[in-house]
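Enquirer: The following block contains the structure, expressed as structure tokens.
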Amino acid sequence: MPRKFPKITVWRAIFAAIMLSGAYATYLRVMYGLGGSTNLSDKFPWGIWIGFDVMCGVGLAAGGFTLVAMVHIFNVEQYKPVLRPAVLTAFLGYTLVVVGLLYDLGRPDRLWHPLVMWNPHSVMFEVAWCVTLYSTVLFLEFLPVVFEKFGLHKPLAWIHRISVPLMILGVLLSTLHQSSLGTLFLIVPEKLYPLWYTPILPLLFYVSAIGVGLAMTIFESWHSSRAFGRALELPLLASMARVLAVVMSVYLWIRFLDMSHRHVFGLLARNRIETWLFVLEIALVAVPTVLLYQHRIRMQPGKLYACAVMVVFGFIANRLNVGITGLEAGSGVHYVPRWSEVAITLSIVAAGFAIFHTIAKYFPIFEPEMHAQPARGMAEKEADLVAIE
Amino acid sequence: MPKAILYDSTLCIGCKACEGACAERWGLPYNDRVAAEERISAHKLTAVETHGDKFSRRLCMNCLQPACASVCPVGALQKTALGPVVYDASRCMGCRYCMQACPFQVPSYEWDKRLPKMRKCDMCFERQSAGKLTACAEACPVGATKNGNREELVAEAQQRIAEKPGQYYPKVYGLNEVGGTSVLYLSAVPFEQIGLRTNLPNEPLPETTWRVLELVPDIVSTGTVLLGGIWWITNRRTEVAKKEGGR
Ligand code: SF4
Ligand code: SF4
Ligand code: SF4
Chain Z
1 MPRKFPKITV WRAIFAAIML SGAYATYLRV MYGLGGSTNL SDKFPWGIWI
51 GFDVMCGVGL AAGGFTLVAM VHIFNVEQYK PVLRPAVLTA FLGYTLVVVG
101 LLYDLGRPDR LWHPLVMWNP HSVMFEVAWC VTLYSTVLFL EFLPVVFEKF
151 GLHKPLAWIH RISVPLMILG VLLSTLHQSS LGTLFLIVPE KLYPLWYTPI
201 LPLLFYVSAI GVGLAMTIFE SWHSSRAFGR ALELPLLASM ARVLAVVMSV
251 YLWIRFLDMS HRHVFGLLAR NRIETWLFVL EIALVAVPTV LLYQHRIRMQ
301 PGKLYACAVM VVFGFIANRL NVGITGLEAG SGVHYVPRWS EVAITLSIVA
351 AGFAIFHTIA KYFPIFEPEM HAQPARGMAE KEADLVAIE
Chain X
1001 MPKAILYDST LCIGCKACEG ACAERWGLPY NDRVAAEERI SAHKLTAVET
1051 HGDKFSRRLC MNCLQPACAS VCPVGALQKT ALGPVVYDAS RCMGCRYCMQ
1101 ACPFQVPSYE WDKRLPKMRK CDMCFERQSA GKLTACAEAC PVGATKNGNR
1151 EELVAEAQQR IAEKPGQYYP KVYGLNEVGG TSVLYLSAVP FEQIGLRTNL
1201 PNEPLPETTW RVLELVPDIV STGTVLLGGI WWITNRRTEV AKKEGGR
């Protein structure tokens, strides 16, 4: 049975404090509107609920589609053991993104409007549709876990029949909306600082989402191996880190190529806050990318984990730069989130961790015997079950 | 005939009659305190700014190809054939993408309301559809704000520059900015000196996102074939997977 950390009481106290402040901030948001709970203004309409909760949330959940594509479409059997946790994280991630949106929308009661009131010229309309459909796909992709737990073989067989089109649909929808989050900002060429504004923003968002999906998978596996006292799937994670290094190299290469074509390297000579944020963001991605090329580093759990975390932070820094800090100068506003904005964001993240932990505890997310049978993934076992039936 | 507003900053005397008329038209409170606010907001849809000894009026530019209308996910904003960009509050979900996208930072939000709306000038759509002038143009005592057909106003603005070259900065703001706007400006000094943004492209902003969005059908069709093909090749070998549909 899951062994608890000795530290768990400290974590619980922190968790309770975060949730309490989140509850009070929620009260402020409901009673006093966005004006009473955020530092947003007419000239700076989007804050961390969009910049972090939505833009980072969707990106960090990219492990779901990345792994589905690798395991089921490219048939890299080896990654099967981490597929389910990735799909679970993705599903949770999208659910929490919707929660974040409910806080951020001025009229959360109209969240469904884009589904019936169409504007195909709007990027956000496209994102709304993709996220809705993809959340449904993720739910269906996760259902087998529930069916398995309760031994429901018939629905299990049914869902397997539609699984391939479902997976292809999921990968397509992800491709579209991961990149579209970048497209959102193409409309503000006059506001977004040129170190970030580029017509290929959608491509950059897409490639970096694939990378961070892998980094998050490594991050989760490391944490769940500690929380549940499982052995770490080190060879698997190390090989995944290799893919991560290549993806992030491609990302950096495209990024620099684009910058040189746009002749913006000169901007780096300016002593501005944007320059330093850019350097930080690039360093957070470049350093782990270089390190992960070394076998020695990939094979040490601690260092592997540190590299994955750095990539995650580099990714977050990028999304915050595009969504918030890179827009400040162009909008003529200095935005610092109010405590209540931070409290709600932290509560959403904390709730995510807690729900993941709970589900992982009670449902067959992690394979118990994957070291004994590395080649036999859970899918075949399910298939066998169906066959027996 | 698309309509427009020509605002000539060199004629403006800063009396703020337009502000009062606009507030009245929208049923918004207007008093000395509101008059002293030099920026547009949810309770003040046009504002006269002071820049040294110059004045500059701010209102929605009612762009010819408005970024706000193109980004609104629910189509709450529409460009009318008459010129005004109108807003349907019953559709608006409050995502505030219009505010982020507007190059002139025009849309304002009712931040303190529990059921907030976006607010902006709509170039007096219902007055103009009824053949009347916009409230602000009607109220202006010196003709600094003029309402009429866009083509005629553009010609008039260029004529004013040609007649008194010493008095005007030789450009009409709004002629080409982001593909052209329905509000046109004349000024004695370069436009950035009266608070207007001059780093705008002449390309309509909706193009920037449409270039990517129009690829969606291609991405979907190519992606389906590609992913389906890869799946078929890589999974052919696995018998069980084949039998059970790939899982
Ligand atoms: S000025 Fe802004 S709000 Fe007005 S029509 Fe243009 S984009 Fe829309
Ligand atoms: S805030 Fe309202 S009007 Fe503006 S883009 Fe969002 S839904 Fe449309
Ligand atoms: S056109 Fe109408 S809504 Fe716009 S500023 Fe003038 S009076 Fe106000």
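Which chain is which? The protein sequence lines are Z and X, in order. Numbering (our numbering) for the first sequence: 1 to 389. Numbering (our numbering) for the second sequence: 1001 to 1247. Backbone N, C-alpha and C fix where the C-beta goes; we use that ideal spot for every residue, glycine too.
Just mark N1147(X) as buried or exposed, buried being the case when its beta carbon has 16 or more other beta carbons within 10 Å.
Expert: The residue is buried, with at least 16 neighbouring Cβ atoms inside 10 Å.
Enquirer: Between S1108(X) and chain Z, is there a C-beta pair that is closer than 8 Å?
Expert: Interface residue, yes.
Enquirer: Can you list, in chain order, the residues of its chain whose CB lies under 7 Å from that of F356(Z), leaving out five sequence neighbours each side?
Expert: The answer, listed in chain order, is L88, T89, L92.
Enquirer: Cβ closer than 7 Å: which chain Z residues qualify as neighbours of A1101(X)?
Expert: Going along chain Z in sequence order, the residues near A1101(X) (Cβ under 7 Å) are I187, V188.
Enquirer: Quick one: give me the first and last residue of the beta strand (DSSP E) that R1058(X) is part of.
Expert: Per DSSP, R1058(X) belongs to the beta strand (DSSP E) from 1054-1058.
Enquirer: Over the uninterrupted beta strand (DSSP E) stretch that includes E1049(X), give me the two end residues.
Expert: 1047-1051 is the span of the beta strand (DSSP E), which, as asked, contains E1049(X).
Enquirer: Using a Cβ-based criterion (distance less than 7 Å to any ligand heavy atom), does L1153(X) qualify as near ligand 3?
Expert: For ligand 3, not one heavy atom lies less than 7 Å from the Cβ of L1153(X).
Enquirer: Counting Cβ pairs closer than 8 Å, one from the segment 258-277 of chain Z and one from the segment 287-298 of chain Z, do we hit at least three?
Expert: Not touching, per the Cβ criterion.
Enquirer: Between the C-alpha atoms of E233(Z) and K154(Z), what's the straight-line distance to the nearest angstrom?
Expert: Going from the Cα of E233(Z) to the Cα of K154(Z) covers about 32 Å.
Enquirer: In angstroms, rounded to a whole number, what distance separates the CA positions of G390(Z) and A1162(X)?
Expert: No answer is possible for residue 390(Z): it lies beyond the span of chain Z, which begins at 1 and ends at 389.
Enquirer: Between G106(Z) and the rest of its own chain, which residues show a CB-CB distance below 7 Å, the 5 nearest in sequence each way excluded?
Expert: L34.
Enquirer: Check each candidate in R230(Z), P199(Z), K191(Z) and name the one with the smallest Cα separation from P81(Z).
Expert: Answer by Cα proximity: R230(Z).
Enquirer: Would you kindly report the start and end of the unbroken alpha helix (DSSP H) that includes N1147(X)?
Expert: Careful: N1147(X) lies outside any alpha helix (DSSP H), inside the beta strand (DSSP E) at 1145-1149.
Enquirer: Quick check on the DSSP output: the alpha helix (DSSP H) that includes Q294(Z) runs from which residue to which?
Expert: No alpha helix (DSSP H) contains Q294(Z), which DSSP labels as neither H nor E.
Enquirer: Excluding the five sequence neighbours on either side, which residues of its own chain have a C-beta within less than 6 Å of the C-beta of F1191(X), listed in chain order?
Expert: Result list for F1191(X): Y1173, T1198, in chain order.
Enquirer: Do K1120(X) and ligand 1 come close, with the Cβ less than 7 Å from some heavy atom?
Expert: Yes, the Cβ of K1120(X) comes within 7 Å of a heavy atom of ligand 1.
Enquirer: Under the assumption that I1233(X) contacts I73(Z) (Cβ atoms under 8 Å), give the Cβ distance between them as a whole number of angstroms.
Expert: Actually they do not touch by this definition, with Cβ atoms about 10 Å apart.
Enquirer: Please tell me whether Y1097(X) has its Cβ less than 8 Å away from any Cβ of chain Z.
Expert: Yes, because at least one Cβ of chain Z sits closer than 8 Å to the Cβ of Y1097(X).
Enquirer: In this structure, does DSSP put Q1065(X) in helix, strand or coil?
Expert: Residue state, collapsed to three classes: coil.
Enquirer: Let me check understanding here. Comparing Cα to Cα, which of I324(Z), E190(Z), S340(Z) lies closest to H334(Z)?
Expert: Closest by alpha carbon: I324(Z).
Enquirer: For a cutoff of 8 Å on Cβ pairs, would you count L953(X) as touching chain Z?
Expert: As displayed, chain X neither begins before 1001 nor continues past 1247, which places residue 953(X) out of reach and without an answer.
Enquirer: Taking the DSSP output, what are the residues bridged to S1108(X)?
Expert: Answer is R1119(X).
Enquirer: If you compare alpha carbons, which of K1003(X), R1091(X), P1116(X), L1226(X) is closest to W118(Z)?
Expert: Residue R1091(X) is the option with its Cα nearest to W118(Z).
Enquirer: Measure the Cβ-Cβ separation of D1175(X) and V1154(X) and say whether it is below 8 Å.
Expert: In the sequence as displayed, the identity of residue 1175(X) is Leu instead of Asp. In contact: L1175(X) and V1154(X) (Cβ atoms closer than 8 Å).
Enquirer: Run through the DSSP bridge pairs and tell me what S41(Z) is partnered with.
Expert: S41(Z) pairs with F44(Z).
Enquirer: K154(Z) by DSSP, collapsed to three states: which one?
Expert: Helix, per DSSP.
Enquirer: Measure how close the beta-carbons of K191(Z) and G330(Z) come, nearest whole angstrom, since I'm counting them as under 8 Å.
Expert: Between G330(Z) and K191(Z) the Cβ distance is about 3 Å, and since that is below 8 Å, they are a contact.
Enquirer: Let me know if H371(Z) comes out buried or exposed under the rule of 16 or more other beta-carbons within 10 Å of its beta-carbon.
Expert: Reliability fails at H371(Z), whose pLDDT of 40 lies under 50, so the model's placement of it is uncertain and the value that follows must be treated cautiously. Exposed.
Enquirer: Residues of the segment 187-218 of chain Z in Cβ contact with chain X at a cutoff of 7 Å, in chain order, please.
Expert: Residues I187, V188, P189, E190, P202.
Enquirer: Excluding the 5 residues flanking A86(Z) on each side, which residues of the same chain have their C-beta closer than 6 Å to its C-beta?
Expert: Counting only Cβ-Cβ distances below 6 Å, and skipping sequence neighbours, we find G63, G64, L67, T217.
Enquirer: Determine the contact status of V1106(X) and I1013(X), defining contact as a CB-CB distance below 8 Å.
Expert: Cβ distance not < 8 Å, so V1106(X) and I1013(X) don't count as in contact.
Enquirer: For the segment 1138-1196 of chain X, list the beta strand (DSSP E) runs that are entirely contained and at least 3 residues long, ordered along the chain.
Expert: Listed in chain order, the complete beta strand (DSSP E) runs (minimum 3 residues) inside the segment 1138-1196 of chain X are 1145-1149, 1183-1186.
Enquirer: Looking at the strands, I want to know which residues DSSP matches up with V1220(X).
Expert: None, per the DSSP bridge assignment.
Enquirer: Does A375(Z) pass the burial test, meaning 16 or more other C-beta atoms within 10 Å, or should it be called exposed?
Expert: Residue placement at A375(Z) cannot be trusted, given a pLDDT of 39 that sits under 50; the coordinates are not used to answer.
Enquirer: Is the segment 171-188 of chain Z touching the segment 197-212 of chain Z, taking contact as three or more C-beta pairs under 8 Å?
Expert: Yes, the segment 171-188 of chain Z touches the segment 197-212 of chain Z.
Enquirer: Determine, for M124(Z), whether the minimum Cβ-Cβ distance to residues of chain X falls below 8 Å.
Expert: Judged by the 8 Å Cβ criterion, M124(Z) is in contact with chain X.
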